[in-house]
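Position in the sequence shown (from 1) plus 1 gives the number in the numbering used here. All C-beta atoms, glycine included, are put in the ideal place defined by N, C-alpha and C. Scroll down for the structure; my scribbles are underneath it.
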Amino acid sequence: MLIPVAFPRFTPRPAQFAILAGDVGATKTNLAVYYCSGEDLFASKKAHYKTKDYPDLKKMITYFLNSEKMPDIISLGVAGPVRDGNVSITNIPLDVNGSEISDHFNHVPVVLINDLEATAYGLSVLNPKDISVINEGKKDTAGNIAIIAPGTGLGEAGLYWDRNTWHPFATEGGHCDFSPRTEMDTEIYNYLHKKFGHVSWERLISGPGICNIYDFLVKVKEREVPPWLTEKMLIHDHAIVISENADSCSICKEAIDLFIRYLAEESANLVLKLKATGGLFIGGGILPKILHLVQKDIFLKYFCDSGRLKTLLQDVAVKVILNEETALLGAAWYGAYSK
């Protein structure tokens with residue numbers, strides 16, 4: 002157990018209690034069936050899908066279950082604000098209605114939580130090998146914890162301390178206003194404002210955000226683009242191409258360097274807003290893949306550059322979540338220990 006997290010239920014489910022768990026994102030969805038065994042869970046089946054291939058989540062679940070027995074509960078972490086058992090995924094036109102899913106599957110109980118909230122629950126079952134440390138910081142076992150996760154969008158969440166355990170909660174902080182600090186920041190803000198209107202941190206700290214930064218460097222700063230890079234972008238996902246070539250291509254390196262700086266700055270904003278002296282966890286699918294490009298001293302320079310509270314930020318532990326199934330695990334454990 003990495004940290005003790007409070008679940009709604011204290012006692013374990015009976016043996017062989019089946020949970021269909023899901024991590025439902027705008028780009029991909031991970032599904033798994035877990036069974037309870039004492040105070041532990043074990044997975045019997047897992048699958049990964051492109052979310053856009055299924056305009057109705059019920060069809061995806063039906064295809065996944067196939068010959069599996071009907072689960073005892075369906076527990077989904079979904080990328081969007083959950084309200085009254087419903088959620089519209091932020092970056093894709095897909096609505097998830099818990100009651101409709103329950104009715105479709107013979108009234109099996111369905112619980113929906115935000116995907117970053119699921120990640121927070123997943124922290125409880127991670128091991129040290131699932132974590133990479135950027136800053137050791139000072140251990141604060143009674144401080145709040147912050148989670149930030151760039152992927153298709155930018156997720157943010159927190160865990161508050163009640164003197165016994167940490168309680169996860171979701172936010173939509175990734176949609177707060179981007180705050181320029183430098184002359185170039187102002188230029189990129191103006192570029193994105195013309196394109197989108199409102200400029201949130203998500204427009205910069207995400208997969209599409211990497212593309213926005215790159216496009217700005219090409220169209221506004223007129224950086225040179227090698228022909229081979231243009232050819233690769235005709236075939237492959239732009240953000241992946243930029244990330245994979247940051248070691249050898251100057252414009253890709255500049256785009257990733259800006260992405261990392263913005264991530265460090267918004268991470269500090271989140272820590273300060275939550276007074277997360279218990280630590281910061283960085284999740285999502287992007288940073289683990291470019292971790293070799295993150296210079297810890299440079300990241301911490303931008304992370305701690307917050308004026309009079311620099312010392313507080315220097316003391317905050319900063320860790321990267323390497324386990325790509327953290328949100329899926331969190332959804333499974335939430336299902337096992339939900340009321």
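Asked: According to DSSP, which residues form a beta bridge with Val317?; Found: Answer by DSSP bridge pairing: none, since Val317 is not bridged.
Asked: How would you write the range of the alpha helix (DSSP H) that Pro228 sits in, first residue to last?; Found: 228-236
Asked: One question on the structure: do Pro117 and Gly156 come within less than 7 Å of each other, judged by their Cβ atoms?; Found: For clarity, residue 117 is Leu in the given sequence; the question names Pro instead. Cβ distance < 7 Å, so Leu117 and Gly156 count as in contact.
Asked: For Ala27 versus Ala80, is the C-beta distance shorter than 7 Å?; Found: yes
Asked: Rounded C-beta distance between Asn136 and Val319? I'm assuming under 8 Å.; Found: 4 Å
Asked: Under three-state DSSP, which class holds Asp96?; Found: strand
Asked: Taking the C-alpha atoms as reference points, what is the distance between Tyr303 and Tyr36?; Found: 44 Å
Asked: Is it a yes or a no for the stretch 308-325 touching the stretch 277-294, going by three-plus beta-carbon pairs under 8 Å?; Found: yes
Asked: Would you check if the stretch 217-237 and the stretch 250-269 touch, i.e. whether three or more CB-CB distances between them fall below 8 Å?; Found: yes
Asked: Sort Met185, Asn246, Asp248 by Cα distance to Phe217 and report the nearest one.; Found: Met185
Asked: Please state whether the Cβ-Cβ distance between Asn145 and Ala277 is less than 7 Å.; Found: yes
Asked: Could you check the C-alpha separation between Gly284 and Ile148 for me, to the nearest Å?; Found: 7 Å
Asked: For the beta strand (DSSP E) containing Glu157, name the first residue and the last one.; Found: 155-162
Asked: Flag this pair as touching only if the stretch 74-92 and the stretch 293-300 have three or more C-beta atom pairs under 8 Å; answer yes or no.; Found: no
Asked: Count Cβ pairs between the stretch 106-122 and the stretch 332-340 that sit closer than 8 Å; are there 3 or more?; Found: yes
Asked: Less than 7 Å between the beta carbons of Tyr215 and Ile243, yes or no?; Found: yes
Asked: From the DSSP output, in three-state form, read off Pro289 for me.; Found: helix
Asked: Could you tell me which of Ile189, Ala33, Lys60, Ser268 sits nearest to Leu314, measuring between CA atoms?; Found: Ser268
Asked: Does the beta-carbon of Ser207 have 16 or more other beta-carbons within 10 angstroms, so that it is buried, or is it exposed?; Found: buried
Asked: Helix, strand or coil for Arg224 per DSSP?; Found: coil
Asked: Looking at C-alpha atoms only, which residue of Asp298, Asp238, Val317 is the closest neighbour of Leu273?; Found: Val317
Asked: How many whole angstroms separate the CB atoms of Ala19 and Val6, which I take to be in contact at a CB cut-off of 8 Å?; Found: So it is not a contact: roughly 22 Å between Cβ atoms.
Asked: Should Gly210 go down as buried or exposed, given a rule of 16 or more other Cβ atoms within 10 Å for buried?; Found: buried
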